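Going by our numbering, the first residue of the sequence shown is number 6, and it counts up by one from there. C-beta: ideal position from N, C-alpha, C; glycine also. This one's a predicted model, so the numbers in the text were calculated from it and none came from an experiment.
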Amino acid sequence: MRFDIETLRLFIFTIEGGSISAASERGSVVVSAVSRRISELERAAGTPLLHRRSRGVEPTPAGLALYRRAKIVMGNLQEIENEMGRHRDGVRGLVRLSVNLTAMAHYLPKALKSFVDRFPEVQIGLVERLSDQVSRDVLSGDADVGICAASGIDESLSERPFRTDRLVLITPADHPLGRRESVKFAETLDYEHVGMQDGASILALATQAAKAVGRPMRLAIQVTNFEAIRNMVIAGLGIAIIPEIALAERDHADYVKVRLDEQWAGRQLKLLFKPTAPLPIAAMHLLDHLCTKGGKPETGSDPMV
6 MRFDIETLRL
16 FIFTIEGGSI
26 SAASERGSVV
36 VSAVSRRISE
46 LERAAGTPLL
56 HRRSRGVEPT
66 PAGLALYRRA
76 KIVMGNLQEI
86 ENEMGRHRDG
96 VRGLVRLSVN
106 LTAMAHYLPK
116 ALKSFVDRFP
126 EVQIGLVERL
136 SDQVSRDVLS
146 GDADVGICAA
156 SGIDESLSER
166 PFRTDRLVLI
176 TPADHPLGRR
186 ESVKFAETLD
196 YEHVGMQDGA
206 SILALATQAA
216 KAVGRPMRLA
226 IQVTNFEAIR
236 NMVIAGLGIA
246 IIPEIALAER
256 DHADYVKVRL
266 DEQWAGRQLK
276 LLFKPTAPLP
286 IAAMHLLDHL
296 CTKGGKPETG
306 SDPMV
């Protein structure tokens, strides 16, 4: 036996209204069409479903059983519609984010908290990558949205501005460059550097800048996070280029922060997405949220001018 959803809906209206005319009015369907549908339903069921009286109708035992089951079916269908509506509106779903270390540690926490407060049933799948890997994740479809430095962006991706991430030089407390208010990058090449791992955008920027002046960049050691860079500098292993925000609320007694007098020290972080594939609605909501809600750093900083 096959059931038609519209016929079941009109059958429910008939039972609840006590007449075919009541179902006609409630369902905005002419009386003859309601009567025909119910007759077809009875033929399919192989048994009468209504007692037809002069003043209306009453369900037979089979009709009452069908009414109860039909109410459950229609309730389930309404729940499906409601849930799909939430997905269409971006209220539910999974958004996959691939981001670099600076965005992960310093710019995203509060922005994501305000987003999930607004959309509590949206899940965030967040992974930290090197900037060049972020671009590949978005291109391959492994991430819906990426955040990385401008130097790590594939040209085929669409982008939106996210942050200007100020880079500074840090030195041991007794270092000659630590007595300066600002330095040119070329001046730092006289000394050994503590750098991020290969593939990190800061290392790529510094390496390109060294090549531009025709000098090598001497790396004493390479590490994977900003805390390790700071500790290596404090220990006297070298000087380092680091995001200023990574030093916020840190004790500066053991090292010195110096302004880096280079245009590229205002590193641009970008939001990335693939223009050839439609974003899930939840991802579009997050993209718009990050563009409009996250203009301030996550922690207090001491901008250098």
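Strand pairing of residue i, partner residues [DSSP]
i, result
"Gln268", "In the DSSP output, where bridge partners are listed per residue, Gln268 has none listed."
"Arg60", "Bridge partners of Arg60: none, in fact."
"Pro177", "Tyr260"
"Phe278", "Ser163"
"Ile129", "Val100"
"Pro248", "Leu172"
"Leu113", "Paired residues: none, contrary to the question."
"Cys153", "Lys275"
"Gln227", "Gly200"
"Gly187", "According to the sequence provided, residue 187 is Ser. The question's Gly does not apply to it. In the DSSP output, where bridge partners are listed per residue, Ser187 has Arg264."
"Leu55", "Pro64"
Local Cβ density within 10 Å of residue i, reported as buried at 16 or more and exposed below that
i, result
"Leu277", "buried"
"Asn87", "exposed"
"Gly51", "exposed"
"Lys216", "exposed"
"Gly200", "buried"
"Ala288", "buried"
"Ala245", "buried"
"Val127", "buried"
"Asn105", "buried"
"Ala282", "exposed"
"Ile234", "buried"
"Ala240", "exposed"
"Gly300", "Its pLDDT being 41, under 50, Gly300 is placed unreliably in this model, and the coordinates cannot settle the point."
"Leu69", "exposed"
"His257", "exposed"
"Leu99", "exposed"
"Arg184", "exposed"
"Arg123", "exposed"
"Arg60", "exposed"
CB contact below 8 angstroms: residue i versus chain D
i, result
"Val78", "Here there is only one protein chain, and chain D is not present."
Cα-Cα separation between residue i and residue j, rounded to whole angstroms
i, j, result
"Leu46", "Met79", "16 angstroms"
"Ile286", "Arg141", "22 angstroms"
"Ala209", "Ile85", "50 angstroms"
"Ala28", "Val36", "8 angstroms"
"Leu224", "Asn230", "15 angstroms"
"Leu182", "Ala253", "21 angstroms"
"Val150", "Arg97", "17 angstroms"
"Asp9", "Arg58", "25 angstroms"
"Val188", "Val121", "42 angstroms"
"Glu267", "Glu186", "13 angstroms"
"Met89", "Gln83", "10 angstroms"
"Ala270", "Asn81", "57 angstroms"
"Val34", "Met109", "57 angstroms"
Chain-order list of residues whose beta-carbon lies under 8 angstroms from that of residue i (same chain, five-residue window excluded)
i, result
"Ala148", "Arg101, Leu102, Ser103, Val132, Val139, Asp142"
"Ser163", "Leu277, Phe278, Lys279, Pro280"
"Leu144", "Asp159, Ser161, Leu162, Lys279"
"Lys275", "Ile152, Cys153, Ala154, Ala155, Ile158, Glu164, Arg165, Pro166, Phe167"
"Asp293", "none"
"Gly146", "Lys279, Ala282"
"Cys296", "Arg165, Pro166, Phe167, Leu276"
"Ala211", "Phe190, His198, Gly200, Met222, Ile246"
Cut-off 7 angstroms between Cβ atoms - residues of its own chain near residue i, not counting five sequence neighbours on either side
i, result
"Ala178", "Asp259, Tyr260, Val261"
"Val62", "Thr19, Gly23, Ser24, Ile25, Leu55, His56"
"Val173", "Ile247, Glu249, Lys262, Val263, Arg264, Leu265, Met309"
"Arg31", "Phe18, Gly22"
"Leu117", "Ile129"
"Val366", "The first residue shown for the chain is 6 and the last is 310, placing residue 366 beyond what the model contains."
"Ser306", "Any reading at Ser306 must be qualified, since the residue scores a pLDDT of 38, below 50, and its modelled position is unreliable; no value is offered."
"Pro64", "Ile20, Leu54, Leu55, Tyr72"
"Leu242", "Val199, Ala225, Ile226"
Residues of its chain near residue i, where Cβ-Cβ distance is below 6 angstroms and the 5 sequence neighbours each way are ignored
i, result
"Thr107", "Asp170, Pro248"
"Thr12", "Arg42, Leu46"
"Ile175", "Val238, Ala245, Ile247, Tyr260, Lys262"
"Val39", "Leu15, Ile25, Ala28, Ser29"
"Ala214", "Phe190"
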